[in-house]
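Asks:
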Amino acid sequence: MAATAAAQRMAAAGVVGDPACSLAAVGKPDPALLPKGLTSVGTGQAGNYWCLIW
49 MAATAAAQRM
59 AAAGVVGDPA
69 CSLAAVGKPD
79 PALLPKGLTS
89 VGTGQAGNYW
99 CLIW
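So the sequence shown is numbered by our numbering: it starts at 49 and just counts up by one.
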């Protein structure tokens, strides 16, 4: 829920980046950017904006 709320804030503001996100993106995120060994990643999307929290 936190990742989705952050993605919604970014979409509303039209900017990439939110303090809640470990990684923020607009468009299609690249899975290769995730650090190796993660066991849990929260994802949220609003329009083309993405928030990933680990």
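Glycine included, C-beta positions come from ideal geometry on N, C-alpha and C.
Return the first residue and the last residue of the alpha helix (DSSP H) that T52 is part of.
Replies: Along the sequence shown, one-based indexing puts residue 52 at 4. 50 to 61 is the extent of the alpha helix (DSSP H) around T52.
Asks: Opposite W98 in the DSSP bridges: which residues?
Replies: Working through the sequence shown from its first residue, we reach residue 98 at position 50. The partner list for W98 (beta bridge, DSSP) reads A73, Q93.
Asks: Could you have a look at L81 and say whether DSSP puts it in helix, strand or coil?
Replies: If you number the sequence shown from 1, residue 81 lands on position 33. It is helical.
Asks: Check whether the Cβ atoms of A51 and T91 lie closer than 7 Å to each other.
Replies: Taking the sequence shown and counting its residues from 1, the one referred to as residue 51 is at position 3. Taking the sequence shown and counting its residues from 1, the one referred to as residue 91 is at position 43. Yes, the pair counts as a contact, with Cβ atoms nearer than the cut-off.
Asks: Measure the alpha-carbon distance for G65 versus A73 and round it to whole angstroms.
Replies: The residue given as residue 65 occupies position 17 in the sequence shown. The residue given as residue 73 occupies position 25 in the sequence shown. Roughly 7 Å separates the two Cα atoms.
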